[in-house]
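J.:
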Amino acid sequence: MIKLAVNLSMIFTEVPLLERFALARAHGFDHIEIQFPYELSIEQIQTQLTIHDLSLCLINAPAGDLMTGGNGLAGIPGQEIEFHHGLEKAIRYAKALQVPNINILAGKQPLDADLLPCLKTLATNLKLACHMCSDHGIQPVFEMINGTDMPRFLVQNIAQAQEMLEAVRHPALKMQFDCYHMAMMGENLLESLQENIDAIGHIQFADNPGRHEPDTGNIDYAAIFDWLKHSQYTGFSAAEYRPQNLSQNSFAWKDKYFSSIN
């Protein structure tokens with residue numbers, strides 16, 4: 001059985017974040033994820049989760065200036081202390097809100113930096129995250145992001161993610177597999193999922209091109225969802241797309257592929 005979640009950072013953006021929890025429940029979701037929940041207090045989020053009987057399944061660790069065009073934190077030499085402080089904040093939220101997964105964004109290779117020191121910094125910080133998160137029963141994941149939307153991102157494809165897992169060598173660390181980003185990188189999605197599912201801790205989905213809801217692009221989500229339903233994957237699968245029109249009108253895929261879990 002797929003554990004289906006909806007991303008409140010990209011969906012239901014017609015209203016403020018605090019009002020999106022109710023909409024997630026109204027559209028039949030039991031689980032949500034929030035990229036960066038830190039604009040809300042732990043208490044505010046807990047109240048919404050309780051009122052609407054929701055679980056928060058994933059948050060991102062603070063990523064510095066990455067989302068505003070900067071290089072980020074996790075793979076940037078010289079930013080280790082700030083990364084550590086951000087990770088502590090993420091763990092504080094995750095512990096209080098019973099969030100099972102924290103996603104760590106690698107960041108971008110600075111224009112004035114060599115690649116190898118960045119990758120070494122990333123590996124060191126991911127090792128730290130493994131130890132800190134494991135102490136609290138939280139799973140750290142890291143995401144591959146395509147180099148078109150985010151040039152110079154340090155981990156862009158499956159092979160690079162596999163190399164990072166080998167460098168870190170900690171059983172707690174898993175990939176976060178975003179179908180949209182992997183389609184943008186030319187990966188065969190179904191084969192990649194099948195071959196790497198034991199190393200995947202969280203899945204996100206949007207169609208390509210456009211990064212809209214499933215069945216608006218070229219990705220064969222019928223095959224992907226069917227395989228996931230019958231696989232041994234036990235993690236969450238989260239809708240993380242930009243609705244083509246209104247969020248409330250973007251869930252035809254849910255009725256089509258997941259009516260049995262509504």
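So for the sequence shown, full-length UniProt numbering puts the first residue at 1; every next one is plus one.
Where a beta carbon is used, it is the ideal one built from N, C-alpha and C, also for glycine.
The model shown is predicted, which means the values in this text are computed figures rather than measured ones.
1) Contact between the segment 65-78 and the segment 15-27: three or more CB pairs below 8 Å?
2) Measure the C-alpha to C-alpha separation of Ala96 and Pro140 and round it to an integer number of angstroms.
3) Would you identify the three-state DSSP class for Leu193, choosing helix, strand or coil?
4) Using a 10 Å radius around the Cβ and a threshold of 16 neighbouring Cβ atoms, would you call Leu58 buried or exposed?
5) Between which two residues does the beta strand (DSSP E) carrying Gly86 extend?
6) Would the segment 3-19 count as touching the segment 218-228 if we require 3 or more Cβ pairs under 8 Å?
7) Buried or exposed for Leu116, going by 16 or more other Cβ atoms inside 10 Å?
8) Using only CA atoms, which one of Leu56, Ile158, Asp215 lies nearest to Phe36?
9) Just list the alpha helix (DSSP H) runs in the segment 140-181, keeping only unbroken ones of 4 residues or longer that don't cross its boundaries, in chain order.
10) Spell out whether any CB of chain C is found under 9 Å from the CB atom of Leu165.
11) What residue range is occupied by the uninterrupted beta strand (DSSP E) comprising His31?
12) Taking contact to mean 3 or more Cβ pairs, one atom from each stretch, closer than 8 Å, check whether the segment 228-236 and the segment 187-202 are in contact.
13) Tell me whether Glu33 is buried or exposed, calling it buried when 16 or more other Cβ atoms sit within 10 Å of its Cβ.
14) Could you give the DSSP three-state label for Phe21: helix, strand or coil?
15) To the nearest angstrom, how far is the alpha carbon of Tyr126 from that of Glu19?
16) The alpha helix (DSSP H) spanning Phe258 covers which residue range?
17) Out of Asn7, Leu87, Arg169, point me to the one whose CA is closest to Ile104's CA.
18) Classify Gln156: buried if its beta carbon has 16 or more other beta carbons within 10 angstroms, exposed otherwise.
19) If the criterion is Cβ atoms closer than 9 Å, does the pair Leu8 and Asp30 meet it?
20) Identify the residues that DSSP records as bridge partners of Phe205: which are they?
21) Counting only the same chain and skipping the five closest in sequence on each side, list residues whose C-beta sits under 8 Å from that of His52.
22) Which of the three DSSP states is assigned to Leu4 in this structure?
23) Considering only the alpha carbon of each residue, which of Lys108, Ala94, Phe142, Gln176 lies closest to residue 274?
24) Output the distance between the C-alpha atoms of Gln248 and Lys254, rounded to the nearest integer angstrom.
T.: Let's see:
1) no
2) 16 Å
3) helix
4) buried
5) Run containing Gly86: none in the beta strand (DSSP E); it sits in the alpha helix (DSSP H), 80-97.
6) no
7) exposed
8) Leu56
9) 158-168
10) Considering every chain present, this structure includes no chain C. It has just one protein chain.
11) 31-34
12) yes
13) buried
14) helix
15) Reading off the sequence shown, one finds Leu at residue 126, where the question assumed Tyr. For Leu126 and Glu19, the distance between alpha carbons rounds to 33 Å.
16) 252-258
17) Leu87
18) buried
19) no
20) Ala239
21) Phe21, Ala22, Ala24, Arg25
22) strand
23) With the chain running from 1 to 262 in the structure shown, residue 274 is simply not present.
24) 12 Å
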